[in-house]
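When we follow my numbering, the leftmost residue of the sequence shown carries the number 356, and every step to the right adds one. Ideal Cβ positions, reconstructed from N, Cα and C, are used throughout, including at glycine. Reviewing the structure listed below.
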Amino acid sequence: MTAVTAGRAALAFVLLNTLLTFENRWPGLGVRFMPRLSFELCLGLALLAAWVAWRGAPSARAATGLALGAVALAAARYADVTAPAMMGRPVNLYWDGRYALDLVALAARSWPAWQVALAALALPLGAALLLALARWAIDALSQALAAWPALRRGSLLSAAALGLCFAAYVPGQRDTRWFFSLPLAPTLWNQATLFAQVLGPGRGEAALGAGPAFDTDLQSLRGADGARAADVLLLFAESYGAVALDDAALSGALAPARERLQAAIDASGRRVLSARVRAATFGGASWLSHASLLSGLAITDPALHNLLMASQRPTLVSHFARHGYRTVGWMPGIKRPWPEGAFYGFERFADDAQLGYRGPDIGYWRIPDQVAMALLHEQELGAPPATRRPVFAVFPTVSTHAPFRPLPALLDDPLRGPPPGTSGQSGSAGYPDSLRYQFQWLARHLERTAGQGLVLIVVGDHQPPGGVAGRDAPWDVPVHLITSDATLARRFQALGFTPGLQPQGPALGAMHDLTRWLLLAFDGRAEPH
Numbered sequence: 356m357t358a359v360t361a362g363r364a365a366l367a368f369v370l371l372n373t374l375l376t377f378e379n380r381w382p383g384l385g386v387r388f389m390p391r392l393s394f395e396l397c398l399g400l401a402l403l404a405a406w407v408a409w410r411g412a413p414s415a416r417a418a419t420g421l422a423l424g425a426v427a428l429a430a431a432r433y434a435d436v437t438a439p440a441m442m443g444r445p446v447n448l449y450w451d452g453r454y455a456l457d458l459v460a461l462a463a464r465s466w467p468a469w470q471v472a473l474a475a476l477a478l479p480l481g482a483a484l485l486l487a488l489a490r491w492a493i494d495a496l497s498q499a500l501a502a503w504p505a506l507r508r509g510s511l512l513s514a515a516a517l518g519l520c521f522a523a524y525v526p527g528q529r530d531t532r533w534f535f536s537l538p539l540a541p542t543l544w545n546q547a548t549l550f551a552q553v554l555g556p557g558r559g560e561a562a563l564g565a566g567p568a569f570d571t572d573l574q575s576l577r578g579a580d581g582a583r584a585a586d587v588l589l590l591f592a593e594s595y596g597a598v599a600l601d602d603a604a605l606s607g608a609l610a611p612a613r614e615r616l617q618a619a620i621d622a623s624g625r626r627v628l629s630a631r632v633r634a635a636t637f638g639g640a641s642w643l644s645h646a647s648l649l650s651g652l653a654i655t656d657p658a659l660h661n662l663l664m665a666s667q668r669p670t671l672v673s674h675f676a677r678h679g680y681r682t683v684g685w686m687p688g689i690k691r692p693w694p695e696g697a698f699y700g701f702e703r704f705a706d707d708a709q710l711g712y713r714g715p716d717i718g719y720w721r722i723p724d725q726v727a728m729a730l731l732h733e734q735e736l737g738a739p740p741a742t743r744r745p746v747f748a749v750f751p752t753v754s755t756h757a758p759f760r761p762l763p764a765l766l767d768d769p770l771r772g773p774p775p776g777t778s779g780q781s782g783s784a785g786y787p788d789s790l791r792y793q794f795q796w797l798a799r800h801l802e803r804t805a806g807q808g809l810v811l812i813v814v815g816d817h818q819p820p821g822g823v824a825g826r827d828a829p830w831d832v833p834v835h836l837i838t839s840d841a842t843l844a845r846r847f848q849a850l851g852f853t854p855g856l857q858p859q860g861p862a863l864g865a866m867h868d869l870t871r872w873l874l875l876a877f878d879g880r881a882e883p884h
């Protein structure tokens with residue numbers, strides 16, 4: 356074997372190894388070089404040597420297939436190292452892949468047109484370049500192996516030794532003790548298993564586990580005089596995480612808006628109690644927290660979510676409906692058909708197109724939370740109680756969703772929209788500004804609806820992405836109960852909630868535990884312990 360052939364083979368190995376061992380450049384979507392060996396490449400090289408010894412160099416078609424496989428593994432590697440950094444959870448190819456186009460649309464609406472065009476051009480060109488490089492590397496390695504008989508003869512022994520190393524890697528760690536990068540094979544195996552569980556038979560009730568019995572009544576919502584039951588609004592505050600409380604700089608920046616909200620609560624004749632719970636997800640996948648709280652089950656995995664949607668399990672929605680409530684799903688973030696949402700059985704389901712919004716589009720999510728709340732009050736909660744049934748509404752907000760821009764302007768009259776000639780956007784952007792907006796519009800709404808018997812439960816669905824929440828951030832989120840019912844407030848305080856907007860102490864439990872506490876507090880027959 357000539358020096359040129361050996362040099363080309365060494366360069367080819369380094370190139371392919373780099374594609375399979377890079378790490379995330381935290382925070383963000385970038386990558387960084389990691390001087391580690393790839394299990395898959397080393398094992399693949401041994402198997403390629405065995406093939407060359409047996410059949411000779413691969414054909415052009417076979418080499419192209421191997422190159423496509425290498426590029427696919429590089430893409431899987433990118434997802435494997437990027438998802439934990441951005442979402443705080445492992446990649447899920449089945450679930451994340453279904454929403455890849457939504458993420459692309461979000462980026463397209465958030466970036467300038469020239470950046471979108473550049474990305475649209477760079478992606479196929481980059482993929483083609485990677486494929487060409489991988490194809491060249493496969494040819495270079497094949498030629499080197501064909502010119503080195505001794506390496507061919509040792510290929511099977513090398514494959515066996517690498518197989519033992521592969522089996523002995525340290526689970527759950529990014530690097531292993533033998534200078535190998537964490538292998539991709541376990542991730543691919545887990546994803547294949549997930550596909551089999553979701554698409555195949557055997558989705559049993561046992562996989563979901565036991566949940567609340569939903570056998571309580573809602574007598575506590577009727578007050579001491581047994582009058583008409585109060586309306587209940589479950590507001591999932593998008594990306595409202597414990598970082599807003601625990602990070603000194605962020606908490607300080609939000610202090611004036613939080614104090615303004617507290618003053619509005621007090622002035623409206625209400626009180627607020629707060630606690631922390633552990634969300635079912637981190638940085639995204641909000642529907643896992645929504646499903647966990649509505650069902651009382653630990654829905655921390657997309658496969659479990661799919662199983663839940665195909666089940667007949669009871670939820671808070673069906674529980675309130677059974678007690679005479681009108682149930683409303685107020686979903687400004689839903690922009691496409693959501694047939695699986697029929698599982699919840701909302702009497703009225705209103706997505707982006709059905710809310711009746713007529714104002715200017717504000718970013719990808721279009722409808723500002725302040726306006727969505729005003730529309731909900733106008734259409735469902737504002738009529739005199741004597742003329743309608745009590746309402747249980749579920750409202751996931753959108754204006755605090757990443758990328759936290761553009762930010763809506765705070766409106767004096769949300770139903771009339773922004774003044775003529777304006778865009779309806781504020782000049783600010785970023786996570787602190789989006790939370791400040793959330794506190795401000797909620798304060799104004801509570802002031803405008805003073806005297807109404809609404810029970811408002813505000814719960815963060817998850818922490819913001821890792822670039823905002825920080826490395827190794829907890830999954831805790833705040834939950835606030837806002838009510839004018841002193842008896843109901845005392846019941847929540849007995850459950851561990853503390854007065855004010857700043858919850859004291861550690862998380863009381865997981866998101867699905869909150870379901871049981873709500874049922875217990877609303878049940879007029881039971882007393883919290």
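* Asked: DSSP state of S536, grouped into three classes?
  -> Taking the first residue of the sequence shown as 1, we reach residue 536 at position 181. In this structure, S536 counts as strand in the three-state DSSP scheme.
To which residues of the same chain is Q498 closer than 8 Å at the C-beta, ignoring the five residues directly before and after it? Here residue 498 is taken as the residue at index 143 of the sequence shown, counted from 1. Same-chain partners within the cutoff: T360, R363, A364 and A412.
Three CB pairs or more closer than 8 Å across the stretch 642 to 661 and the stretch 709 to 724: no
| If H817 sits next to A634, beta carbons under 8 Å apart, how far is it from one beta carbon to the other, in whole angstroms? | To locate residue 817, count along the sequence shown from 1; it is residue 462. To locate residue 634, count along the sequence shown from 1; it is residue 279. Right, the Cβ-Cβ distance comes to about 4 Å (below 8 Å), so this counts as a contact.
### Message
Taking 8 Å as the threshold (C-beta atoms), are A429 and W381 in contact?
### Response
In the sequence shown, counting from the first residue as 1, residue 381 sits at position 26. In the sequence shown, counting from the first residue as 1, residue 429 sits at position 74. No, the pair does not count as a contact, with Cβ atoms beyond the cut-off.
* Identify which residue in L649, T842, D586 and R615 has its Cα closest to the Cα of A741. => As a working note, residue 741 is residue 386 in the sequence shown. Out of L649, T842, D586 and R615, D586 has the C-alpha closest to the C-alpha of A741.
Query raised in the report: Do you know whose CA, among T357, G679 and R668, lies nearest A561's CA?
Result: For the purposes of this step, residue 561 is taken as residue 206 along the sequence shown, with counting starting at 1. Among T357, G679 and R668, the Cα nearest to that of A561 belongs to R668.
CA-to-CA distance, E614 to P854, given in whole angstroms: Looking up residue 854 in the sequence shown gives position 499. Looking up residue 614 in the sequence shown gives position 259. In a straight line, the C-alpha of P854 is about 14 Å away from that of E614.
Tell me, please, whether the stretch 716 to 731 touches the stretch 566 to 577 by the rule of three or more beta-carbon pairs shorter than 8 Å. no
Self-check item: Backbone secondary structure at H674 - three-state DSSP
Solution: As a first step, residue 674 must be located in the sequence shown, where it is residue number 319. H674 falls in the helix class under three-state DSSP.
Check your understanding: Can you tell me the Cα-Cα spacing of R410 and P538, whole angstroms?
Key -> As a first step, residue 410 is located in the sequence shown; it is residue number 55 there, counting from the start. As a first step, residue 538 is located in the sequence shown; it is residue number 183 there, counting from the start. Each residue's alpha carbon lies about 28 Å from the other.
### Query
Near R583, what residues of its chain come up, given a Cβ to Cβ distance below 8 Å and the 5 sequence neighbours on each side ignored?
The residue labelled residue 583 in the question sits at position 228 within the sequence shown. R577, P740, A741 and P745, listed in sequence order.
Please report the Cβ distance between T670 and Y699, rounded to the nearest whole angstrom; I am assuming they are in contact, meaning their Cβ atoms lie under 8 Å.
-> As a first step, residue 670 must be located in the sequence shown, where it is residue number 315. As a first step, residue 699 must be located in the sequence shown, where it is residue number 344. Correct: roughly 6 Å between the Cβ atoms.
Item checked: Among E733, E802 and R846, nearest to L770 - alpha-carbon criterion -> Against the sequence shown, residue 770 aligns to sequence position 415. Per the Cα distances, E733.
*Go to I689, then tell me how far its beta strand (DSSP E) extends in each direction, as first and last residue.*
Mapped onto the sequence shown, residue 689 falls at position 334. First-last for I689: undefined, no H or E at that position.
Spatially closest choice to L811 from P692, S629 and A483, by CA coordinates
Start at 1 with the first residue of the sequence shown, and residue 811 comes out as number 456. Cα-wise, what sits closest to L811 is S629.
- prompt: Grouping DSSP H, G and I as helix and E and B as strand, with all else coil, what is S329?
  reply: Residue 329 is absent from the model: the chain starts at 356 and stops at 884.
* Spell out a yes or no on whether the stretch 606 to 625 and the stretch 801 to 808 are touching, meaning 3 or more CB-CB pairs, one atom from each, closer than 8 Å. => yes
Helix, strand or coil: which one does DSSP assign to A561?
-> Mapped onto the sequence shown, residue 561 falls at position 206. Correct three-state label for A561: helix.
Exercise for review: Could you tell me the distance, in whole angstroms, from the CA atom of L496 to the CA atom of V436?
Suggested key: The residue labelled residue 496 in the question sits at position 141 within the sequence shown. The residue labelled residue 436 in the question sits at position 81 within the sequence shown. Rounded to the nearest angstrom, the two C-alpha atoms are 27 Å apart.
Notebook entry, point to check: Are there three or more Cβ pairs, one per stretch, closer than 8 Å when the stretch 418 to 428 is compared with the stretch 471 to 487?
Noted result: yes
Looking at the structure shown, is G424 part of a helix, part of a strand, or coil, going by DSSP?
-> Against the sequence shown, residue 424 aligns to sequence position 69. Here G424 sits in helix by DSSP.
CB contact flag (V814, A592, <8 Å):
Reading the sequence shown from its first residue, position 459 is the one you call residue 814. Reading the sequence shown from its first residue, position 237 is the one you call residue 592. Yes.
Classify T870: buried if its beta carbon has 16 or more other beta carbons within 10 angstroms, exposed otherwise. Position 515 of the sequence shown holds residue 870. When all chains shown are included, T870 counts as buried.
For the stretch 727 to 756, which segments carrying the beta strand (DSSP E) assignment without a break, of at least 3 residues, lie completely within its bounds, in sequence order? 746 to 751
Exercise. Do P715 and P758 have their C-beta atoms closer together than 8 Å?
Worked result: On the sequence shown, position 360 is the one that residue 715 refers to. On the sequence shown, position 403 is the one that residue 758 refers to. It is not a contact, given that the beta carbons lie outside the stated cut-off.
So the beta strand (DSSP E) S629 belongs to, where does it begin and stop? Numbered from its first residue, the sequence shown carries residue 629 at position 274. Residues R626 to R633.
* **Candidates P761, D768 and Q795: closest to L782 by CA position** => Counting from one through the sequence shown, the residue named residue 782 turns up at place 427. A small correction: the amino acid at residue 782 is Gly; Leu does not occupy that position in the sequence shown. Among P761, D768 and Q795, the Cα nearest to that of G782 belongs to P761.
message = At the level of alpha carbons, what is the spacing between Q574 and A697?
response = By one-based count along the sequence shown, residue 574 stands at place 219. By one-based count along the sequence shown, residue 697 stands at place 342. Distance between the alpha carbons of Q574 and A697 is about 27 Å.
field: CB contact flag (A862, V632, <8 Å)
entry: The sequence position of residue 862 within the sequence shown is 507, counting from 1. The sequence position of residue 632 within the sequence shown is 277, counting from 1. Yes, the Cβ-Cβ distance between A862 and V632 is below 8 Å.
When we look at the beta-carbon of Q793 and count the other beta-carbons within 10 Å, is it buried (16 or more) or exposed?
For the purposes of this step, residue 793 is identified with residue 438 of the sequence shown, where counting begins at 1. Buried, since its Cβ has 16 or more Cβ neighbours within 10 Å.
Collapsed DSSP secondary structure at A604 in the structure displayed
Your numbering for residue 604 matches position 249 in the sequence shown. DSSP places A604 within a helical segment (H, G or I) once states are collapsed to three.
Between which two residues does the alpha helix (DSSP H) holding H660 run?
Residue 660 sits at position 305 when you count from the first residue of the sequence shown. P657 to M664 is the span of the alpha helix (DSSP H), which, as asked, contains H660.
Problem set entry | Under the three-state DSSP convention, the category L873 falls into | Your numbering for residue 873 matches position 518 in the sequence shown. Helix.
- Is DSSP giving V471 helix, strand or coil here? Mapped onto the sequence shown, residue 471 falls at position 116. If DSSP states are grouped into helix, strand and coil, V471 belongs with the helices.
Minimum C-alpha distance to P390 - residue among L398, G399, W693 and F368 | In the sequence shown, counting from the first residue as 1, residue 390 sits at position 35. Closest option to P390, Cα to Cα, is F368.
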